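Scroll down for the structure; my scribbles are underneath it.
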Amino acid sequence: MPIQETLIERSTSVSFGITLASIAIFTIYYVVTSALAWRRLREFPGPFSASFSYFWLIGLLKSARVSELTISAAKRYGKTVRVGPNDLVTSDPEVVLRLSAARSRYTRSDWYRAVRMDGYDDNMMSLLDTTQHDKLKAKVMPGYTGKDHTGLEAELDFMINTLIDKIRTKYAATPAQEGGGERRPLLDLATLIQYFALDSITKVAFGEELGFLRTESDVFGYVKMATEFLPALTITSTVPWLNAITTSRWVLWLLAPREGDKTGIGRVLPIAKRIVTTRFAAGPTAKNDDILGSFIRHGLTPTECRTEAIFQLIAGSDTTATSIRSTMLHIITSPHIYRCLQTEIDYAIRAGKVSSPISNAEALALPYLQAVVFEGLRMCPPFTGFPFKCVPPGGDTIDGKFVPAGTRVAPGFPALTRNRDVFGEDADDFRPERFLEAGDEKAAEMRKVVDLVFGSGRWGCVGKNMAFLELNKVYVELLRYFDFQIHDPARPWLSYSHNLYIQSDMWVRVKLRKGVI
Numbered sequence: 001m002p003i004q005e006t007l008i009e010r011s012t013s014v015s016f017g018i019t020l021a022s023i024a025i026f027t028i029y030y031v032v033t034s035a036l037a038w039r040r041l042r043e044f045p046g047p048f049s050a051s052f053s054y055f056w057l058i059g060l061l062k063s064a065r066v067s068e069l070t071i072s073a074a075k076r077y078g079k080t081v082r083v084g085p086n087d088l089v090t091s092d093p094e095v096v097l098r099l100s101a102a103r104s105r106y107t108r109s110d111w112y113r114a115v116r117m118d119g120y121d122d123n124m125m126s127l128l129d130t131t132q133h134d135k136l137k138a139k140v141m142p143g144y145t146g147k148d149h150t151g152l153e154a155e156l157d158f159m160i161n162t163l164i165d166k167i168r169t170k171y172a173a174t175p176a177q178e179g180g181g182e183r184r185p186l187l188d189l190a191t192l193i194q195y196f197a198l199d200s201i202t203k204v205a206f207g208e209e210l211g212f213l214r215t216e217s218d219v220f221g222y223v224k225m226a227t228e229f230l231p232a233l234t235i236t237s238t239v240p241w242l243n244a245i246t247t248s249r250w251v252l253w254l255l256a257p258r259e260g261d262k263t264g265i266g267r268v269l270p271i272a273k274r275i276v277t278t279r280f281a282a283g284p285t286a287k288n289d290d291i292l293g294s295f296i297r298h299g300l301t302p303t304e305c306r307t308e309a310i311f312q313l314i315a316g317s318d319t320t321a322t323s324i325r326s327t328m329l330h331i332i333t334s335p336h337i338y339r340c341l342q343t344e345i346d347y348a349i350r351a352g353k354v355s356s357p358i359s360n361a362e363a364l365a366l367p368y369l370q371a372v373v374f375e376g377l378r379m380c381p382p383f384t385g386f387p388f389k390c391v392p393p394g395g396d397t398i399d400g401k402f403v404p405a406g407t408r409v410a411p412g413f414p415a416l417t418r419n420r421d422v423f424g425e426d427a428d429d430f431r432p433e434r435f436l437e438a439g440d441e442k443a444a445e446m447r448k449v450v451d452l453v454f455g456s457g458r459w460g461c462v463g464k465n466m467a468f469l470e471l472n473k474v475y476v477e478l479l480r481y482f483d484f485q486i487h488d489p490a491r492p493w494l495s496y497s498h499n500l501y502i503q504s505d506m507w508v509r510v511k512l513r514k515g516v517i
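The sequence shown lines up with residues 1 to 517 when you count with our numbering.
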């Protein structure tokens, strides 16, 4: 018995010693690595905890206020902020342009790997290899620009007419109905615009809308999926060690989206597969004037077509919907701007300068409309995440400070478009007149910076022209036919920002304008 007790005591003592030694080793390791991490980018300002850990960045990403906090960080720390041990976020236009210039030596970080829609197959957004990206972009560009898709504008006109008809027949009260006490239902403009954007992208991409707008329903749970999926993706894509875990082979084997899933991307996979399979089965002689038809004609494989189709649905619809919703909210809640824009539209209609729906060429000739389009994008850039690029070998210099090779640098888009050096001291105000009052050179500079929300150079968004085409049309058509009033000014909507925005409950009263039949 004494021998057993002695052995137990010695075993306990050894275990305790091992535990203490492990704690000591871990503490030393953490202190040393934290000191090295702090030293790496010590000249750049930012939250103290961000210099040696990702606690601050995770807190920002979890907040659902990524846009607001990015702007606050830039105001507090300056144009280039240290947000992690190896991570900088910048609102300096010159640096943002440098990241994506045609001859830039910066490369994509592992952040992009997380936007593989099925976890395995790359789309143009997730490709890390610059050469492969450039080859794929050359194949898909003709479909997005309209060069290989001559019916692009007509298809968007069809969807805009569908939106107008839906509002007119269900939500817009006529003067007679208002006078007689009859009330039309309130319209959640945020949700209806999301349905419009979803059907618009599928119409131009596949030649068919999926029925979101017609049925006013989340036809295959996409909106619910995005709402549930986006907050987690925002964190796991941005924090390196979480990115490494969630994109690892074993985790993907367990958790990657699969056809038949009741939630998440898995619900979208069979729809994309059906559309692509049907199109390829029709053979190479099929004449389909849509983006998918262009992809096939330029040699994309079925897998490439499927992954691009899923990415289109997510990236193309959410960003456009955010731009329209946020700009409409600013217009409706700014009486002077509302009146000026509607007056310009009415005058152009009376002068015979606007068709129905308005053409893109006609919209480009309306200066106040163009100012509103750019100001809307400036105030609420639709993408608010941090798409990090890696500093090339040899390092770089930012704000006069050396940045070591391998450092991750990302644009902070919400802060970029509030940069007071570019947009003035009233950069936080929605004021389209800034683009009209400035001289030609200054106005061009401001538009160039706003354009950066679509990326630039080789990494620029291929859907940019299509997005502007949609924005140029939709505000004119909504305001030529209807008057909108926010139902609850104290709570105009619900808006949360992750990598993208989640917006809903933008309840409005709609009236058919006098003289409109």
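Positions of the beta carbon are idealized from the N, C-alpha and C atoms, including for glycine.
For clarity, every value in this text was computed on a predicted model and none was experimentally measured.
What is the rounded straight-line gap between the Cα of N499 and the Cα of G515? Taking the first residue of the sequence shown as 1, we reach residue 499 at position 499. Taking the first residue of the sequence shown as 1, we reach residue 515 at position 515. Between N499 and G515, the C-alpha separation is close to 43 Å.
Exposure of D483, with buried meaning 16 or more beta-carbon neighbours within 10 Å: For the purposes of this step, residue 483 is identified with residue 483 of the sequence shown, where counting begins at 1. With 16 or more other Cβ atoms within 10 Å, it is buried.
Have a look at the DSSP bridge pairing and note the partners of A172. Residue 172 sits at position 172 when you count from the first residue of the sequence shown. According to DSSP, which records beta bridges pairwise, A172 is partnered with V510.
Taking only the alpha-carbon atoms, compute the straight-line gap between D396 and T90 and give it to the nearest angstrom. Counting from 1 along the sequence shown, the entry for residue 396 is found at position 396. Counting from 1 along the sequence shown, the entry for residue 90 is found at position 90. Their Cα atoms are separated by approximately 14 Å.
Cα separation between F55 and S49? Residue mapping note: residue 55 aligns to position 55 of the sequence shown, counting from 1. Residue mapping note: residue 49 aligns to position 49 of the sequence shown, counting from 1. Rounded to the nearest angstrom, the two C-alpha atoms are 7 Å apart.
Evaluate K511 with the Cβ neighbour count: other Cβ atoms within 10 Å of its Cβ, from every protein chain shown; 16 or more gives buried, anything less gives exposed. Here residue 511 is taken as the residue at index 511 of the sequence shown, counted from 1. With 16 or more Cβ atoms within 10 Å of its Cβ, K511 is classed as buried.
Could you please give me the residues that DSSP links to R378 through a beta bridge? Counting from 1 along the sequence shown, the entry for residue 378 is found at position 378. According to DSSP, R378 bridges with nothing at all.
For the candidate residues D188, S53, S63, D92, whose alpha-carbon lies nearest to that of I486? Looking up residue 486 in the sequence shown gives position 486. Checked all of D188, S53, S63, D92; the closest Cα to I486 is D188.
Counting only the same chain and skipping the five closest in sequence on each side, list residues whose C-beta sits under 7 Å from that of D290. Counting from one through the sequence shown, the residue named residue 290 turns up at place 290. Within the same chain, D290 has close Cβ partners H149, V204, A205, F206, G207.
Please work out which residues of its chain come closer than 7 Å, Cβ to Cβ, to E43, disregarding the five sequence neighbours upstream and downstream, and give them in chain order. As a first step, residue 43 must be located in the sequence shown, where it is residue number 43. Cβ within range, chain order: K401.
Looking at C-alpha atoms only, which residue of I265, M506, E362, I358 is the closest neighbour of R306? Taking the first residue of the sequence shown as 1, we reach residue 306 at position 306. Looking at the Cα atoms, I265 is the closest of the given residues.
Per-residue burial, N161 [other beta carbons within 10 Å of its own, 16 or more giving buried]: For the purposes of this step, residue 161 is taken as the residue at position 161 of the sequence shown. Flag for N161 reads exposed.
With burial defined as no fewer than 16 other Cβ atoms inside 10 Å of the residue's Cβ, what is the status of G385: buried or exposed? Here residue 385 is taken as the residue at index 385 of the sequence shown, counted from 1. So G385 ends up on the buried side.
Which residue or residues does DSSP assign as beta-bridge partners of T107? Counting from 1 along the sequence shown, the entry for residue 107 is found at position 107. Looking at the DSSP assignment, T107 forms a beta bridge with C390.
Looking only at DSSP bridge pairs, what is Q530 linked to? This structure does not reach residue 530, given that the chain is present from 1 up to 517, and the question cannot be answered.
Nearest-angstrom Cα separation, counted from I349 out to S355: Within the sequence shown, numbered from 1, the residue matching residue 355 stands at position 355. Within the sequence shown, numbered from 1, the residue matching residue 349 stands at position 349. For S355 and I349, the distance between alpha carbons rounds to 7 Å.
Does the beta-carbon of E437 have 16 or more other beta-carbons within 10 angstroms, so that it is buried, or is it exposed? Here residue 437 refers to the residue found at position 437 of the sequence shown. E437 should be labelled exposed.
Give me, in chain order, the residues of the same chain whose beta-carbon lies closer than 6 Å to that of A467; leave out the 5 immediate sequence neighbours on both sides. Looking up residue 467 in the sequence shown gives position 467. The residues are T320.
What does the alpha-carbon distance come out to for the pair G221 and V508? Locating residue 221 in the sequence shown gives position 221, counting from the first residue. Locating residue 508 in the sequence shown gives position 508, counting from the first residue. One C-alpha to the other measures close to 24 Å.
For F388, which residues of its own chain have a beta-carbon under 6 Å away from its beta-carbon, when the five flanking residues on both sides are left out? One-based indexing of the sequence shown puts residue 388 at position 388. These residues qualify, in order along the chain: S109, W111, R408, A410.
Nearest neighbour of V219, chosen from A244, R267, D399 [CA to CA]: Mapped onto the sequence shown, residue 219 falls at position 219. Closest by alpha carbon: R267.
Where F521 sits in the DSSP three-state scheme: Because the chain in this structure spans residues 1 to 517, residue 521 falls outside the shown range and cannot be described.
Tell me whether Q312 is buried or exposed, calling it buried when 16 or more other Cβ atoms sit within 10 Å of its Cβ. Walking along the sequence shown from the start, residue 312 turns up at place 312. Its Cβ being crowded by 16 or more others within 10 Å, Q312 is buried.
Does the contact criterion of 3 or more C-beta pairs under 8 Å hold for the region 118-128 versus the region 241-261? yes
Just verifying my parser: in three-state terms, what is the DSSP assignment at F295? Here the question's residue 295 lines up with position 295 in the sequence shown. In the structure shown, F295 sits in a helix (DSSP, three-state: H, G or I).
Out of S326, N472, S495, which one is the CA nearest neighbour of L364? Taking the first residue of the sequence shown as 1, we reach residue 364 at position 364. Selected option, being the one with the closest Cα: N472.
Coarse secondary structure for R184, derived from DSSP in three states: Taking the sequence shown and counting its residues from 1, the one referred to as residue 184 is at position 184. The answer is coil: DSSP assigns R184 none of H, G, I, E or B.
The alpha helix (DSSP H) spanning G143 covers which residue range? Within the sequence shown, numbered from 1, the residue matching residue 143 stands at position 143. Residues 130-145.
The alpha helix (DSSP H) that contains K448, what's its start and end? As a first step, residue 448 is located in the sequence shown; it is residue number 448 there, counting from the start. Here the alpha helix (DSSP H) through K448 covers 440-451.
E591: buried (16+ other C-beta within 10 angstroms of its C-beta) or exposed? It is not possible to answer for residue 591, since the shown part of the chain is limited to 1 through 517.
Taking the DSSP output, what are the residues bridged to R408? Residue mapping note: residue 408 aligns to position 408 of the sequence shown, counting from 1. Partner(s): D87, C390.
Name the DSSP beta bridge partners of R82, please? In the sequence shown, counting from the first residue as 1, residue 82 sits at position 82. Its beta-bridge partners are L88.
Please name the residue in P392, G316, L452, P404 whose C-alpha comes closest to that of R418. The sequence position of residue 418 within the sequence shown is 418, counting from 1. Looking at the Cα atoms, L452 is the closest of the given residues.
Let's see if you can read the secondary structure: which residues bound the alpha helix (DSSP H) around K273? Residue mapping note: residue 273 aligns to position 273 of the sequence shown, counting from 1. Residues 269-281.
Skipping 5 residues on each side, what residues in its chain have a beta carbon closer than 7 Å to that of V96? Within the sequence shown, the letter at position 96 stands for residue 96. So the qualifying residues of the chain are T90, P411, L416, L452.
Which of helix, strand or coil does DSSP assign to R65? As a working note, residue 65 is residue 65 in the sequence shown. Correct three-state label for R65: strand.
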